[in-house]
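Residue numbers (this note's numbering): 455 to 751.
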């Protein structure tokens with residue numbers, strides 16, 4: 455009998471997935487999968503859940519982008535090549551949304567039970583893999599410092615509320631950004647290396663993004679006056695920001711980012727603390743097999 459290892463984080467999102475975990479297992483059983491349910495709470499328990507995963511088992515993660523990231527890095531550490539499916543049970547669920555996964559856990563389980571396999575890229579920053587985004591600058595520490603109860607109550611809106619509170623404290627980041635085709639030295643407010651097309655609920659950041667082209671979509675926003683930020687924010691919502699002269703945008707297989715100030719600064723990987731700068735980011739083409747809806751292109 456085919457096997458699924460269903461790993462869930464009870465602290466993700468609104469924390470209600472645990473109420474549907476048995477129903478998800480029933481859906482998988484009906485599709486011919488014997489399901490092993492594992493509850494994880496941190497990287498150590500995620501590591502334990504994956505270290506003995508069989509090659510022909512399917513791994514299903516119920517959680518947000520951070521939980522998916524933990525799973526992917528654990529799989530890489532243990533050299534596991536099992537197919538990965540995602541039940542979106544976090545706050546933003548950017549990567550699952552990009553894969554067009556249903557938001558309802560039971561609908562997502564149904565899709566995964568009868569889905570298809572695709573080969574997908576991953577990003578890597580200083581040895582840390584990411585499924586969705588590596589970034590630095592404005593808003594980056596929002597998810598790190600946000601109270602989980604606040605996230606549970608307000609969902610995606612929590613990121614915007616918390617982020618707006620950072621605006622008065624914006625400090626320009628003097629950066630040297632080196633790609634295969636160009637080098638840029640300037641003051642920036644934010645940079646994002648995206649594997650998918652969305653981050654923090656903004657689903658039009660990279661409208662033509664692909665997870666199978668061997669390239670990352672790199673976006674960097676030059677520092678600007680406070681009065682200009684609101685206008686750019688509206689452009690982000692509509693996907694009209696890529697032609698703005700304050701925005702640096704390109705498709706890259708590798709990027710090196712160096713901070714030219716006195717102190718190193720933190721980065722973010724899929725909503726969790728990432729390595730300090732400088733960072734070298736590259737795209738690993740076809741790094742993982744994903745279970746996606748049959749209609750996904």
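By construction, the Cβ of each residue, glycine as well, lies at the ideal position given by its N, Cα and C atoms.
Roughly how many angstroms lie between the CA atoms of residue 588 and residue 701, to the nearest whole one?
The count along the chain shown starts at 1 and reaches residue 588 at position 134. The count along the chain shown starts at 1 and reaches residue 701 at position 247. In a straight line, the C-alpha of residue 588 is about 17 angstroms away from that of residue 701.
Starting from residue 746, trace the beta strand (DSSP E) both ways and give me its first and last residue.
Here residue 746 refers to the residue found at position 292 when the chain shown is read from its first residue. From DSSP, the beta strand (DSSP E) with residue 746 extends over 733-746.
Would you tell me roughly how many angstroms separate the C-alpha atoms of residue 485 and residue 626, rounded to the nearest one?
Working through the chain shown from its first residue, we reach residue 485 at position 31. Working through the chain shown from its first residue, we reach residue 626 at position 172. Roughly 53 angstroms between the two C-alpha positions.
Quick one: give me the first and last residue of the alpha helix (DSSP H) that residue 665 is part of.
Locating residue 665 in the chain shown gives position 211, where the first residue counts as 1. Looking at the DSSP string, residue 665 is not in any alpha helix (DSSP H), and its letter there is neither H nor E.
Would a check of beta-carbon distances place residue 570 closer than 8 angstroms to chain C?
Included in the structure is just one protein chain, with no chain C present.
For residue 488, which residues in the same chain have their Cβ closer than 6 angstroms to its Cβ, ignoring the five residues on either side in sequence?
Taking the first residue of the chain shown as 1, we reach residue 488 at position 34. Answer for residue 488: 455, 457, listed in chain order.
With DSSP as the reference, identify every bridge partner of residue 460, one or two as the case may be.
Position 6 of the chain shown, counted from the first residue, corresponds to residue 460. Looking at the DSSP assignment, residue 460 forms a beta bridge with 491, 514.
What span of residues does the alpha helix (DSSP H) with residue 656 cover, start to end?
Along the chain shown, one-based indexing puts residue 656 at 202. Here residue 656 belongs to no alpha helix (DSSP H), and DSSP marks it neither H nor E.
Going by the beta-carbon positions, is the gap between residue 575 and residue 665 smaller than 8 angstroms?
Working through the chain shown from its first residue, we reach residue 575 at position 121. Working through the chain shown from its first residue, we reach residue 665 at position 211. In this structure, residue 665 lies closer than 8 angstroms to residue 575 by Cβ.
Taking DSSP as the reference, what is the three-state secondary structure of residue 613?
Translated into positions along the chain shown, residue 613 becomes position 159. Unreliable positioning characterises residue 613 in this predicted model, as indicated by a pLDDT of 46, which lies under 50. The coordinate reading is nonetheless provided below. Helix, per DSSP.
Determine the DSSP secondary structure at residue 588, reduced to helix, strand or coil.
In the chain shown, residue 588 corresponds to position 134, counting from 1. Residue state, collapsed to three classes: strand.
Is the segment 673-680 touching the segment 644-656, taking contact as three or more C-beta pairs under 8 angstroms?
Contact between the segment 673-680 and the segment 644-656 is present, because at least three Cβ pairs lie under 8 angstroms.
What does the alpha-carbon distance come out to for the pair residue 513 and residue 478?
Here the question's residue 513 lines up with position 59 in the chain shown. Here the question's residue 478 lines up with position 24 in the chain shown. Roughly 13 angstroms between the two C-alpha positions.
What residues match up with residue 705 in a beta bridge as DSSP calls it?
What you label residue 705 is simply residue 251 of the chain shown in a count that begins at 1. Beta-bridge pairing links residue 705 to 671.
Put residue 531 into one of helix, strand or coil per three-state DSSP.
For the purposes of this step, residue 531 is taken as residue 77 along the chain shown, with counting starting at 1. Three-state DSSP puts residue 531 in a helix.
For residue 578, list the residues DSSP reports as bridge partners.
Taking the first residue of the chain shown as position 1, residue 578 is located at position 124. According to DSSP, which records beta bridges pairwise, residue 578 is partnered with 583, 736.
Please classify residue 635: does DSSP put it in a helix, a strand, or coil?
In the chain shown, residue 635 corresponds to position 181, counting from 1. Residue 635: coil per DSSP, three-state reduction.
What residue range is occupied by the uninterrupted alpha helix (DSSP H) comprising residue 504?
If you number the chain shown from 1, residue 504 lands on position 50. From DSSP, the alpha helix (DSSP H) with residue 504 extends over 497-504.
If I'm right that residue 541 touches residue 525 with Cβ under 8 angstroms, what's the distance once you round it to whole angstroms?
As a first step, residue 541 is located in the chain shown; it is residue number 87 there, counting from the start. As a first step, residue 525 is located in the chain shown; it is residue number 71 there, counting from the start. Residue 541 to residue 525, Cβ: 12 angstroms. No contact.
Can you tell me where the beta strand (DSSP E) with residue 542 in it begins and where it stops?
If you number the chain shown from 1, residue 542 lands on position 88. Residue 542 -> beta strand (DSSP E) spans 538-542.
Tell whether a beta-carbon distance below 8 angstroms holds between residue 494 and residue 503.
Taking the first residue of the chain shown as 1, we reach residue 494 at position 40. Taking the first residue of the chain shown as 1, we reach residue 503 at position 49. Yes, they are a contact pair.
Rounding to the nearest angstrom, what Cα-Cα distance links residue 523 and residue 474 in this structure?
Position 69 of the chain shown, counted from the start, is the residue given in the question as residue 523. Position 20 of the chain shown, counted from the start, is the residue given in the question as residue 474. If you take the alpha carbons of residue 523 and residue 474, they lie about 22 angstroms apart.
Between the Cα of residue 653 and the Cα atoms of 723, 630, 728, which residue gives the shortest distance?
On the chain shown, position 199 is the one that residue 653 refers to. Nearest of 723, 630, 728 to residue 653, Cα basis: 723.
Report the three-state DSSP secondary structure of residue 710 (helix, strand or coil).
The residue you call residue 710 lines up with position 256 of the chain shown. Correct three-state label for residue 710: strand.
If we ignore side chains and look at the alpha-carbon of each, how far apart do residue 578 and residue 536 end up?
Walking along the chain shown from the start, residue 578 turns up at place 124. Walking along the chain shown from the start, residue 536 turns up at place 82. Each residue's alpha carbon lies about 19 angstroms from the other.
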